[in-house]
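Accompanying notes for the structure given below.
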Amino acid sequence: MKKYIKDLFSGIYALLQGMYITNLNFWRPKVTEQYPEDRQTARQFERFRGELVFDINDQNEHKCIACGLCARNCPNQSLEVITKSITTEDGKTKKVLDKFLYDLGSCTFCSVCTQSCAQKAIKWTNNFEHAVFNRSALVKQLNPEGSKAIERKPAVAAPKAAPAAGQNENQQ
């Protein structure tokens, strides 16, 4: 009988403790956002990884130099950099970006590609609505048709340092 009463009061205590916690949370402000009704006001965190896009300016120029480092570092080969060779005005051949394909269906959103891009040509957006009826719609070309790389000015070579005091120019 003693154990029965002890178990009864233990159960009542546990019930009151749970109701106390529920009452505290009842008066806190709501954190749930109603999706899709509040789609326009939905908050995204700063480090949210939604969809990969090219960083393109107003003149339809991008920063990608077609090095392919992002595609080589992608753990599941979600990126494909297709290049073509062109001949510049001075007769040199140069590799330029033809297509930058991104397979959203196989992407794990690990962000290795954006971290390995030395030019910061690709970045994440807050777009998280990726539902489609056909898998082929998940393969996207990130560089729009007619886009080109931003022309970079060649780096100017630093002037040669003057010889140290007491040294001949021939002696180095």
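Per the numbering used here, the sequence shown runs over residues 2 to 173.
Don't be surprised by glycine CBs; every beta carbon is placed ideally from N, CA and C.
Predicted, not measured: the structure shown is a model, and the values here were computed from it.
- Between the alpha carbons of C75 and D99 lies a distance of about 19 Å.
- Considering only L80, R29, K121, M2, the residue with the shortest C-alpha distance to N58 is K121.
- Counting C-beta pairs with one atom in each stretch, the stretch 100 to 109 and the stretch 69 to 86 have three or more that are closer than 8 Å, which means they touch.
- Secondary-structure assignment with DSSP links D104 through a beta bridge to V140.
- The Cβ-Cβ distance between R50 and W125 falls below 9 Å.
- Contact check for E34 against A43 passes: the beta carbons are separated by less than 9 Å.
- Residue range 80 to 88 is occupied by the beta strand (DSSP E) that includes S86.
- Short of 6 Å from the beta carbon of C68, and not among the five residues preceding or following it, lies no beta carbon of its own chain.
- When DSSP states are grouped into helix, strand and coil, T126 belongs to the strand group.
- Of the residues assessed, I6 falls on the exposed side of the cut-off, its CB having fewer than 16 other CB atoms within 10 angstroms.
- Rounded to the nearest whole angstrom, the C-alpha separation of V32 and K154 is 50 Å.
- Rounded to the nearest angstrom, the Cβ distance from E38 to I151 is 41 Å, too far for a contact under 8 Å.
- Taking A165 as the centre and dropping the five residues before and after it, the same chain places no C-beta closer than 8 Å to its C-beta.
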